[in-house]
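*Asks:*
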Amino acid sequence: MKFFYISPFLVFFFVLLIQVTIVPLISIAGIVPDIILVTLVYYSISRGQLYGTVLGAFYGLSGDLITGSLLGSAMLAKTLAGFIAGYFSSETKRDMNISSFNFTIIVFICALVDSVIFAFFSAFDLNTNLVTLLFEHALLPSLYTALISILFIFFPFRRRKI
Amino acid sequence: MIRLFTKVWNNFKEYIVLVILVLASLIILSQNKSLQVQKVRAIAFGSFATITSLISDAFSVTDLKRENEELRKINTELMLQISKLRNYGIVNSELKDLLGFKDTINLPLIPATVISRSLSMTQNMITLNVGSKDSVLPGMPVINDRGFIGLVHSTSEDFSIARTLQNVDLKLTVMDERSRINGIMKWTGEELIVVNIPNTFDIKTGDRIVTSELSSIVPVPIPIGVVDEFRKNETGIFSYVRVKPFIDLISIENVFILADVKSKQKENLELNFYKRK
């Protein structure tokens, strides 16, 4: 039971390791998919909104500390992303949301929220064009993240009972 | 009272936790410059970088790595020499003698390897396998044989994080090598631009951009890139100057940290100047 709650926190370090070492190799014009967010959405849907919100805060804060980005920015973004993903965790639709292409759509919505908030804190200044900011810093990375999340649907472990 | 609290908690616990965590995030956002936060960050990324470096090392062959490192060091030193020579050619030698131009070719270089990259559109960072134990300090320039990469942002005992050119928080004093015009270069999230260059200034497409001698953090002119696009603003007074960097962030692996040796005499002189002000 304890491992059930702790495992997503342990999984995070493995995923972060991949995010900082392997994921940059598949970047397109500086746009990288956020596999930490995909993991967060998966756990938020499978374990509920409250769990997803807290997990989002942990993933964001740890990411901020380890990668050197503006401390608190990813924490805020991922907390809200985890909270939103939690809306799709109802008992009846949980399995369907994880194992179908619904998952990709949910990832896209959460990635969009995450990227907009993160971009607002890390890139916004008075000279910034808001449309460009939303398109290049939020929409494109979100689309790429959603695309990568398709692979996640076919992962063998998701077929097991969580 | 307790019953009311329990009822509220049961009905709105998700929202209560969300509000608490959002508030916590905002408080943390305001504490970014705090010394304690910097210490916690150094411990966190230092510990994680230890694991990352193991994976990074697994991908490389040790002997080849060492040889490669040596060759790159020579290459980087040659790059600095070429940069220096270009500078000599442009600036009048008589003026240089008058200014007492010092030889800065033999600057100490600390070899380092990129063990992880945190890539985003705005906050590109790299983690290096050298830290305060190797005499690396925040503010030291990170370079390779192609030119300037970034500046060390924070260090732990064995590792350091550097802000690269493609980071919105890195603003650098740069110079057009041909016309000697100085400006501030920054990353907008999409492109590297030199800001506040008046329309009347002499800048052309293809000009090499190097770090400026006015910069207090980069001691020698290090190549950054070339002017990719120069456009005079018809309505405003400042031009649009876009720079194409020499380095490719995705492919960099082995780098050098330019260990800036501070001149005590110069520091005292500057300190006295500021005190007088």
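So the protein lines, in turn, are chains A and B. One point on numbering: in our numbering, the residue at position 135 of the first sequence is 135, and numbering is uninterrupted. When you read off a place in the second sequence, starting at 1, and then add 162, the result is the number in our numbering. Cβ atoms here follow ideal geometry from the backbone N, Cα and C, with glycine treated the same way. Quantities reported herein were computed from a predicted structural model and do not represent experimental measurements.
Could you tell me whether the region 282-290 of chain B touches the region 327-336 of chain B, using the rule of 3 or more Cβ pairs below 8 angstroms?
*Replies:* The region 282-290 of chain B, when compared against the region 327-336 of chain B, does touch it at the 8 angstroms Cβ threshold.
*Asks:* Might you give, ordered along the chain, the residues of its own chain that have their beta carbon closer than 8 angstroms to the beta carbon of Lys169 (chain B), omitting 5 neighbours on each side?
*Replies:* Cβ neighbours of Lys169 (chain B) beyond the five flanking positions: none.
*Asks:* Count the other C-beta atoms from every protein chain shown that fall within 10 angstroms of the C-beta of Ala29 (chain A), then say buried if there are 16 or more, exposed otherwise.
*Replies:* The residue is exposed, with fewer than 16 neighbouring Cβ atoms inside 10 Å.
*Asks:* Using DSSP's beta-bridge definition, name the partner residues of Pro303 (chain B).
*Replies:* Answer is B:Leu313, bridged to Pro303 (chain B).
*Asks:* Using a beta-carbon distance below 8 angstroms, is Pro141 (chain A) in contact with chain B?
*Replies:* It does; some Cβ of chain B falls within 8 angstroms.
*Asks:* If I follow the unbroken alpha helix (DSSP H) through Phe238 (chain A), where does it start and stop?
*Replies:* Nothing can be reported for residue 238 (chain A), as the shown portion of chain A is limited to 1 through 162.
*Asks:* Please confirm if Lys406 (chain B) has its CB atom under 8 angstroms from at least one CB of chain A.
*Replies:* No, Lys406 (chain B) does not count as interfacial toward chain A.
*Asks:* Do you know whose CA, among B:Met347, B:Ile205 and B:Val199, lies nearest Glu319 (chain B)'s CA?
*Replies:* The shortest Cα separation from Glu319 (chain B) among B:Met347, B:Ile205 and B:Val199 belongs to B:Ile205.
*Asks:* Cα-Cα, which of B:Arg340, B:Val403 and B:Phe210 is closest to Pro360 (chain B)?
*Replies:* Closest option to Pro360 (chain B), Cα to Cα, is B:Val403.
*Asks:* Strictly under 8 angstroms for the Cβ-Cβ distance: is Leu313 (chain B) near chain A by that measure?
*Replies:* Chain A contact via Cβ: absent.
*Asks:* Mind checking which residues open and close the alpha helix (DSSP H) that includes Gly63 (chain A)?
*Replies:* It spans Gln49 to Thr67 - the alpha helix (DSSP H) in which Gly63 (chain A) sits, taken as one unbroken run.
*Asks:* Find the nearest neighbour of Val382 (chain B) within the set B:Met347, B:Asn358, B:Arg248 and B:Ser316, judged by alpha-carbon distance.
*Replies:* The candidate whose alpha carbon is nearest that of Val382 (chain B) is B:Arg248.
*Asks:* Using a Cβ-Cβ distance under 8 angstroms, would Ile84 (chain A) count as near chain B?
*Replies:* No - not a single Cβ of chain B is within 8 angstroms of the one on Ile84 (chain A).
*Asks:* Contact between the region 292-303 of chain B and the region 399-415 of chain B is defined here as three or more beta-carbon pairs at a separation below 8 angstroms; is this criterion met?
*Replies:* Result no; under three Cβ-Cβ pairs closer than 8 angstroms.
*Asks:* Ser196 (chain B) to Lys366 (chain B), Cα distance in whole Å?
*Replies:* Straight-line Cα distance between these residues: approximately 43 angstroms.
*Asks:* Under 8 angstroms, do Pro141 (chain A) and Asp34 (chain A) count as touching if we go by C-beta distance?
*Replies:* Yes, the Cβ-Cβ distance between Pro141 (chain A) and Asp34 (chain A) is below 8 angstroms.
*Asks:* Using a beta-carbon distance below 8 angstroms, is Ala111 (chain A) in contact with chain B?
*Replies:* Not closer than 8 angstroms to any Cβ of chain B, the Cβ of Ala111 (chain A) fails to qualify, so no.
*Asks:* Whole angstroms is fine: what's the gap from Ile236 (chain B)'s alpha carbon to Ser122 (chain A)'s?
*Replies:* One C-alpha to the other measures close to 37 angstroms.
*Asks:* Give me the Cα-Cα distance between Gly351 (chain B) and Leu281 (chain B), rounded to the nearest whole angstrom.
*Replies:* For Gly351 (chain B) and Leu281 (chain B), the distance between alpha carbons rounds to 11 angstroms.
*Asks:* Who does Phe174 (chain B) pair with in a DSSP beta bridge?
*Replies:* BP columns for Phe174 (chain B) are empty, so no partner.
*Asks:* If you check the beta carbons only, do Ile419 (chain B) and Val304 (chain B) fall under 8 angstroms apart?
*Replies:* Result yes, Cβ atoms of Ile419 (chain B) and Val304 (chain B) sit closer than 8 angstroms.
*Asks:* Looking at the ligand ATP, does it come within less than 7 angstroms of Ile109 (chain A), judged from the CB to the closest heavy atom?
*Replies:* In terms of ligand content, the structure shown is empty, and the ligand ATP therefore cannot be addressed.
*Asks:* Less than 7 angstroms between C-beta atoms, sequence neighbours within five positions excluded: which residues of the same chain meet that for Tyr59 (chain A)?
*Replies:* So the qualifying residues of the chain are Phe12, Ile36, Leu40 and Lys78.
*Asks:* Pull up the distance between the alpha-carbon of Glu239 (chain B) and that of Arg370 (chain B), whole angstroms please.
*Replies:* If you take the alpha carbons of Glu239 (chain B) and Arg370 (chain B), they lie about 19 angstroms apart.
*Asks:* To the nearest angstrom, report how far apart Phe400 (chain B) and Ile379 (chain B) are at their CA atoms.
*Replies:* C-alpha separation (whole angstroms): 26 angstroms.
*Asks:* Of all the beta strand (DSSP E) runs that stay within the bounds of the region 329-389 of chain B, which reach a length of 3 or more residues?
*Replies:* Segments of the beta strand (DSSP E) lying fully in the region 329-389 of chain B: 334-338, 344-349, 354-357 and 370-373.
*Asks:* Can you tell me whether Arg325 (chain B) is helix, strand or coil according to DSSP?
*Replies:* Note: Arg325 (chain B) maps to strand in three-state DSSP.
*Asks:* So Ser297 (chain B) is in the alpha helix (DSSP H); what residue range does that whole segment cover?
*Replies:* Unbroken run through Ser297 (chain B): none, as it is neither H nor E.
*Asks:* Just to confirm the assignment, what range does the beta strand (DSSP E) spanning Ala274 (chain B) have?
*Replies:* First-last of the beta strand (DSSP E) with Ala274 (chain B): Leu271 to Ser280.
*Asks:* Between the alpha carbons of Phe108 (chain A) and Ile189 (chain B), how many angstroms are there, rounded?
*Replies:* When rounded, the distance between both Cα atoms is 28 angstroms.
*Asks:* If the cut is a Cβ gap below 8 angstroms, which residues of chain A does Leu180 (chain B) touch?
*Replies:* Neighbours of Leu180 (chain B) on chain A, chain order: Thr53, Thr79, Leu80 and Phe83.
*Asks:* Closer than 8 angstroms, CB to CB, is Thr39 (chain A) near chain B or not?
*Replies:* So no, Thr39 (chain A) is outside the interface.
*Asks:* Looking at the C-beta of Pro24 (chain A), does it have a partner C-beta in chain B at a distance below 8 angstroms?
*Replies:* For Pro24 (chain A), the answer is yes, since a Cβ of chain B falls inside 8 angstroms of its Cβ.
*Asks:* Give me the chain A residues within the contact set of Ser278 (chain B), using Cβ-Cβ distance strictly less than 7 angstroms, ordered along the chain.
*Replies:* By Cβ distance, chain A contributes Val20 and Thr21.
*Asks:* If Lys110 (chain A) and Ala138 (chain A) are in contact, beta carbons under 8 angstroms, what's the gap, nearest whole angstrom?
*Replies:* Contrary to the premise, residue 110 (chain A) reads as Cys rather than Lys in this sequence. At roughly 12 angstroms, the Cβ-Cβ gap does not stay under 8 angstroms, so Cys110 (chain A) and Ala138 (chain A) are not in contact.
*Asks:* I'd like the span of the beta strand (DSSP E) that includes Asn286 (chain B), first residue to last.
*Replies:* Element bounds for Asn286 (chain B): Gln285 to Leu290.
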